[in-house]
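The numbering used here puts the sequence shown at residues 1024 to 1272.
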Amino acid sequence: IGKVEKYIHEKLEKKKLHFVLIDPDDTSPEVAGKLARVCEELGVDAIMVGGSTGAEGEVLDNVVRSIKDNSSLPVILFPGSHGGISRYADAIFFMSLLNSRNPFFITGAQALGAFTVKKFGIEPIPMAYIVVEPGETVGWVGDARPIPRHKPKLAAAYALAGQYLGMRLVYLEAGSGAPEPVPEEMVRVVKSVIDVPLIVGGGIKSGEQAKKLIKSGADIIVTGTAIEKAKSLEEARKRLEAIRNGVFV
Ligand code: 1GP
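Here's what the structure looks like:
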C-alpha cells in the first residue's frame, strides 16, 4: 500500500479521523489555502478535494496547489468522474459508485482515468462508494439507486461486496448538504460486517452527530458543507472547532 493509505492506517490505530472536503466549484484557491491552514491547526487529518460538478482542470489544479502550499496535510482527490484528477494531489480515492444504475460510474470513468493516475504518479486507494438516501447531487448525477434509510442490510451487502472485490475502504454517503447524515443503525450494521475502515459523510454539521456516528462504528468522518457555508474564516474555524470538540482526540 502507498504512503497516504499507510498514514491513514497508522492514525486509525490511535484514534478516529476527520477529513474535510473542499469543493473547487464553490471555493477559490485562496480560500481553500486558508481553510487548509485552519484545518491543519485544528488537527484535521486530511483534505479531500472534489465534487460532482465543475471540479476539473485548472480550477481543480489551482485549489489543490493552494492547499499544498498552505499545509502539509495529505490531499486526497474525491473525483466525480475521470475529470476530477489533478497531478498535484497526493492520492485519489479510486472509487466505484457501487449502487449506480450507470456502468460509467462503476467502471467507466475509472477506465478513462486510470492512465492519468498512473502518469501523474498519484496514489490510488480503492474505495467502495455507496450512496444512501437522500443522495443529494451525487445521487442524481451518479444515477444512483440510493439505499433506503431504513434498509441497513442493503448498505451492508454492498459494503461487503466492495470489500470482497478488493476495495480497501467503504464510504457511506448521504450526499453533500443532506438534511440528516446516514442513520446510525445503518453505520452499525455495515461496520459489523466489514473489516476495512468505514468512512461516513454527507449532512454532518455538529460534534454531536459526528460522535454518534463514531460510536456507531464510523472510522472516518467527512465534513464539507459545514465549513464551506461559513461567511468568514473565523466562522469556519468556529464551526470546525464545534464539530471537532471532544470527538477527535
Ligand atoms: C459529500 O460526504 C461529503 O460528498 C460531505 O458532505 O458537504 O454535507 O458535509 P457535506
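Every residue gets a Cβ at the ideal spot worked out from N, C-alpha and C, and that includes glycine.
Outcome for residue i when other beta-carbon atoms lying within 10 angstroms are tallied against a minimum of 16
i, result
"HIS1041", "buried"
"TYR1187", "exposed"
"GLY1056", "buried"
"GLU1064", "exposed"
"ASP1281", "Since the displayed the chain opens at 1024 and closes at 1272, residue 1281 lies outside it and no answer follows."
"GLU1196", "buried"
"ASP1092", "exposed"
"ALA1134", "exposed"
"SER1094", "buried"
"SER1239", "buried"
"LYS1228", "buried"
"PRO1169", "buried"
"THR1248", "buried"
"THR999", "Residue coverage of the chain in this structure runs from 1024 to 1272, which leaves residue 999 outside it and unanswerable."
"ILE1024", "exposed"
"VAL1210", "buried"
"PRO1202", "exposed"
"PHE1138", "exposed"
"SER1255", "exposed"
"GLY1224", "buried"
"GLU1036", "exposed"
Identity of the residues DSSP links to residue i by a beta bridge
i, result
"TYR1152", "LEU1120 and TYR1194"
"PHE1042", "ALA1069 and VAL1245"
"PRO1157", "Looking at the DSSP assignment, PRO1157 forms no beta bridge with any residue, so it has no partner."
"LEU1100", "VAL1072 and ILE1115"
"ALA1167", "SER1123"
"PRO1052", "For PRO1052, which the question treats as bridged, DSSP gives no partner whatsoever."
"PRO1147", "ILE1115"
Own chain residues within Cβ distance below 6 Å of residue i, not counting five before or after
i, result
"GLY1077", "ASP1048"
"HIS1105", "ALA1132, LEU1135 and GLY1136"
"ASP1166", "SER1123, ARG1124 and ASN1125"
"VAL1027", "PRO1097, ASP1113, ALA1114 and GLU1146"
"GLY1162", "VAL1154, PRO1169 and GLY1198"
"VAL1164", "SER1075"
7 Å Cβ shell around residue i - same chain, five flanking residues per side excluded
i, result
"ALA1182", "ALA1151, ILE1153, VAL1193, VAL1213, VAL1216 and ILE1217"
"ALA1086", "Note that residue 1086 corresponds to Val in the displayed sequence, not to Ala. So the list reads ILE1045, PRO1047, THR1050, PRO1052, ALA1055 and VAL1072, once near-sequence residues are dropped."
"PRO1149", "PHE1117, GLY1189, MET1190 and ARG1191"
"ILE1259", "Going by the sequence as given, residue 1259 is Ala instead of Ile. So the qualifying residues of the chain are LEU1058, VAL1061, ILE1250 and ALA1253."
"PHE1101", "LEU1044, MET1071, VAL1072, GLY1073 and PHE1116"
"VAL1205", "VAL1155, LEU1195, ALA1197, VAL1223 and GLY1225"
8 Å Cβ shell around residue i - same chain, five flanking residues per side excluded
i, result
"ASN1268", "GLY1230"
"GLY1080", "GLY1106"
"ILE1099", "VAL1027, PHE1042, ALA1069, ILE1070, MET1071, VAL1072, ALA1112, ASP1113, ALA1114, ILE1115, PHE1116 and ILE1148"
"VAL1082", "PRO1047 and ASP1048"
"GLU1207", "LYS1235, LEU1236, LYS1238 and SER1239"
"PRO1157", "PRO1169, ALA1197, GLY1198, ALA1201 and PRO1202"
Cβ of residue i within 8 Å of any chain D Cβ
i, result
"GLN1186", "No chain D appears in the structure shown, which is made up of a single protein chain."
### Task
Indicate whether the contact test is met: 3 or more Cβ pairs, each with one atom in the stretch 1117–1128 and one in the stretch 1030–1047, closer than 8 Å.
The stretch 1117–1128 makes no contact with the stretch 1030–1047; the number of CB pairs closer than 8 Å stays below 3.
### Segments of 4+ residues assigned as alpha helix (DSSP H) that fall wholly inside the stretch 1170–1238
Here the runs fully enclosed are 1175–1187 and 1207–1216.
### Task
Taking 8 Å as the threshold, find out whether the stretch 1170–1177 comes into contact with the stretch 1128–1144 through three or more Cβ pairs.
No: fewer than three Cβ pairs fall under 8 Å.
### Query
Below 8 Å, can you find three or more Cβ-Cβ pairs linking the stretch 1253–1264 to the stretch 1101–1115?
Taking 8 Å as the limit for Cβ pairs, the verdict is that the stretch 1101–1115 does not touch the stretch 1253–1264.
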